[in-house]
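Letter 148 of the sequence shown, counting from 1, is numbered 133 in the numbering used here, and no numbers are missing.
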Amino acid sequence: MAANHQDNIAESRFDVVVVGGGMIGLSLACAAARVGLDVAVIERVEFEALNSSSFDGRASAIALGSQRMLAAIGVWKYMESSAQPIFDIRVSDRESLLHLHFDHNELDGVAFGYMVENIKIREALLEAASKYSNLFIIAPRTVVAIERSVGNAAVTLDNGRVVKAPLIVACDGRGSPLRAMVGIRAPGWTYPQNAIVCTIEHQFSHDGIAHEKFLSGGPFAVLPLLGKRASLVWTEKTNLAEELYALDDKNFDIEVTKRLGSFLGDAHTIGARYHYPLAMHHAEHYVDHRIALVGDSAHGVHPIAGQGLNMGLRDVAALTEVLINNVRLGLDHGTMEVLQHYERWRRIDNLSMVAVTDVLNRLFVTEGTMIKFSRKVGLAAVNRLPPLKRFFMRHARGTGGSLPRLMDGEVP
Ligand SMILES: Cc1cc2nc3c(=O)[nH]c(=O)nc-3n(C[C@H](O)[C@H](O)[C@H](O)COP(=O)(O)OP(=O)(O)OC[C@H]3O[C@@H](n4cnc5c(N)ncnc54)[C@H](O)[C@@H]3O)c2cc1C
């Protein structure tokens, strides 16, 4: 590992301290380093453990805008060879023949995004991080306290060491200990559903098409990976999900095939399966005196639209732009005025995604004649109204709305 990945770095003062070295924390660190800020990342888990397939078997849909940002901050080149383009997206309801088809050729022929296994994303982030001489990783270390004064903030680690910066950024995930330490509430709820995640190998080519089939327990997503493989994200009611998860391989494959159908030919699971409880939360504030929340520490959504990571990457791009604009003017980048600019930029976009994912999940798991009819009308309406369809397609690509420059692939 590169020399800057150590626990005994002499420096203890940085421009930004990032707490949490998950996909969002490492992305923020690379983005901040790319624009010239000195940054430290503190992660409580050994990176070797975070990077083992027993830790995270998921793959993520990286929207086009996110891909452009990862390229701009020097990460994409290390994951490009593991990325499967998503050319088309097909959404269907139960066994209905009516389906919604998003075709990349209806926009400009550019893919919607890419599917990449999380383990490959982490490897690429760590590789890119090791190339920045102004980026320091302190791991495995847990932040146990935070102190904030007029011009400064400091976190204390579990070995007693104190690390200082004008700004601390919490990228410490859904349960965000840092968010709790500074008293920001994050209301939300749990869904009576679990997601089972596994990889399948199949007979026919997937042609880069992502399928999302809405079943009574929740969405059953078949997302293309490189080769004749796909990542399955199968949402089911909690009790049934637990029973399915516990099945032996043969019976689990039978249940998968029942839902998958035959369009990919013979299919079977490979490797381990994982399951995740599902919940939604949205922090009441993203910022407080000398602290900002980014990624899942600020918001967590149902994986129905594969947007959680993409939302966090947009936070990263916005915060980086706000910080560097102020640093270049010689201003203190940890003040509330600066941080509120970040919050204003990101809050509405995130809030609408929290609402859309929640409503979509409810709409598609609810039974009843009227609801079924509304779903049919909704799918048909989007399919037949090209402007509405293009609006959804641009959002799926993460290229709609007021975008920070990094999401266009430009370094601010
Ligand atoms: C089934 C499923 C499928 C998904 N699919 C997609 C998808 O296709 N596309 C998409 O965009 N999103 C997807 N998501 C969402 C996405 O995975 C998350 O939004 C994303 O991983 C959040 O990253 P994060 O870095 O914010 O948080 P985390 O991954 O939770 O990272 C937080 C890090 O902080 C560390 N930490 C915590 N406390 C401390 C402390 N006190 N000191 C030091 N370190 C600390 C933790 O060890 C951890 O490494 C999916 C989610 C699920 C559940």
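Cβ coordinates follow ideal geometry from the N, Cα and C atoms, glycine included.
Remember, predicted model here, so these are calculated numbers, not experimental data.
| Item | Value |
| --- | --- |
| Contact under 8 Å by Cβ, Leu294 with Ser161 | no |
| Sequence-distant residues of the same chain with beta carbon closer than 7 Å to Gln52, five excluded per side | Trp61, Gly98, Tyr99 |
| Same chain, Cβ closer than 8 Å to Arg75, five either side skipped, listed in chain order | His84, Leu85, His86, Phe87, Ile194, Ala195, His196, Glu197 |
| Own chain residues within Cβ distance below 6 Å of Gly291, not counting five before or after | Ala46 |
| Short Cβ contact (8 Å threshold) for Ala226 with His253 | no |
| Beta bridge counterpart(s) of Gly203 as assigned by DSSP | Leu200 |
| 8 Å contact criterion, which Val241 and Leu211 should meet: CB distance rounded | At roughly 20 Å, the Cβ-Cβ gap does not stay under 8 Å, so Val241 and Leu211 are not in contact. |
| Check: Met399 C-beta below 7 Å from any heavy atom of ligand 1 | Residue numbering for the chain in the displayed model covers -14 to 397; residue 399 lies beyond these limits and cannot be assessed. |
| Assigned secondary structure, Asp300 (DSSP; H/G/I helix, E/B strand, else coil) | helix |
| With 16 other Cβ atoms within 10 Å as the buried cut-off, status of Ile276 | buried |
| Range of the contiguous beta strand (DSSP E) that encloses Ile27 | 24 to 27 |
| Cys15 Cβ short of 7 Å to ligand 1 heavy atom set | no |
| Integer-rounded CB distance, given that Ala14 should sit under 8 Å from Val26 | 5 Å |
| Continuous alpha helix (DSSP H) assignments of at least 4 residues falling wholly in the region 191 to 266 | 223 to 231, 234 to 245 |
| Contact test: Leu294 Cβ vs ligand 1 heavy atom, cutoff 7 Å | yes |
| Where Gln69 falls: helix, strand or coil (DSSP) | strand |
| Beta-carbon gap between Val182 and Gly42 smaller than 8 Å | yes |
| Three-pair Cβ contact test at 8 Å for the region 136 to 145 versus the region 172 to 181 | no |
| Buried/exposed call for Asn346, threshold 16 Cβ in 10 Å | buried |
| Backbone CA spacing between Leu229 and Ala268 [nearest angstrom] | 33 Å |
| Neighbour-count burial assignment, Thr184, 16 or more Cβ in a 10 Å radius | buried |
| Outcome for Thr384 when other beta-carbon atoms lying within 10 angstroms are tallied against a minimum of 16 | buried |
| 6 Å Cβ shell around Asp281 - same chain, five flanking residues per side excluded | Gly158, Arg159 |
| For Tyr63 and Tyr327, the rounded distance between their alpha carbons | 29 Å |
| Residues near Trp309 in its chain [Cβ-Cβ closer than 6 Å; skip 5 each side] | Looking at the sequence itself, residue 309 is Ile, so the reference to Trp does not match. Hits under 6 Å: Val20, Pro397. |
| Residues sharing a beta bridge with Ser77, DSSP | His84, Lys198 |
| C-alpha distance - Leu200 paired with Arg79, whole-angstrom precision | 5 Å |
| Backbone CA spacing between Arg375 and Leu314 [nearest angstrom] | 39 Å |
| When Leu111, Gly386, Leu304 are compared against Ala155, the one with the closest alpha-carbon | Leu304 |
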